[in-house]
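Working notes for the structure below.
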């Protein structure tokens, strides 16, 4: 169960959730997942999204667009304390201006991300060296720790 829970995100909507079937179709057809996610209704504001693949989880967790049918939603990492108002885990995009070009190596960027939190991904421009003056990476962090 622990491995399963490590691959679960919660989509929390400000008002009521959309149709779970429609959101399921949206997640599985537009998020670029390699394997289908299981999308389920938890309560009037919360939908669970369970991934089969860690790479799909990271892809979803690092999404910059969190809007569905004009309604914004917050992605939270599932935890045993998921009933709390907010999870302390967050996907944070970071920019590293002036990082020397040899450090733009994917394994080095992953090591930098892992030293801060848990590396999720780089943006497309960083991966393709389109803007080498500033590397961007997304890291999962516990915001409750200093």
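Numbering (UniProt numbering), first residue to last: 1 to 146.
Glycine is no exception: its CB is placed at the ideal position from the N, C-alpha and C atoms.
C-alpha gap between residue i and residue j, whole angstroms
i, j, result
"residue 138", "residue 70", "24 Å"
"residue 97", "residue 72", "30 Å"
"residue 62", "residue 117", "13 Å"
"residue 133", "residue 101", "8 Å"
"residue 107", "residue 115", "12 Å"
"residue 145", "residue 17", "31 Å"
"residue 24", "residue 9", "13 Å"
"residue 84", "residue 6", "Confidence at residue 84 is low in this model, with a pLDDT of 49, below 50, so the placement of that residue is unreliable and no value is reported for it."
Residue i: first and last residue of the uninterrupted beta strand (DSSP E) it sits in
i, result
"residue 30", "Element bounds for residue 30: not the beta strand (DSSP E) but the alpha helix (DSSP H), 20 to 30."
"residue 57", "No beta strand (DSSP E) contains residue 57, which is instead part of the alpha helix (DSSP H) from 54 to 61."
"residue 122", "118 to 122"
"residue 133", "From DSSP, residue 133 is part of no beta strand (DSSP E); its letter is neither H nor E."
8 Å CB neighbourhood of residue i in its chain, flanking five on each side removed
i, result
"residue 109", "103, 119, 122, 126, 135, 137"
"residue 15", "45, 71"
"residue 33", "27, 51, 53, 56, 59, 60"
Reference residue i, options the options, closest by Cα
i, options, result
"residue 89", "77, 100, 95", "77"
"residue 112", "63, 140, 130", "140"
"residue 21", "95, 143, 41", "41"
"residue 93", "65, 29, 17", "65"
Endpoints, alpha helix (DSSP H) assigned at residue i
i, result
"residue 38", "Not the alpha helix (DSSP H): residue 38 falls in the beta strand (DSSP E), residues 38 to 43."
7 Å CB neighbourhood of residue i in its chain, flanking five on each side removed
i, result
"residue 12", "45, 46, 73, 74, 76"
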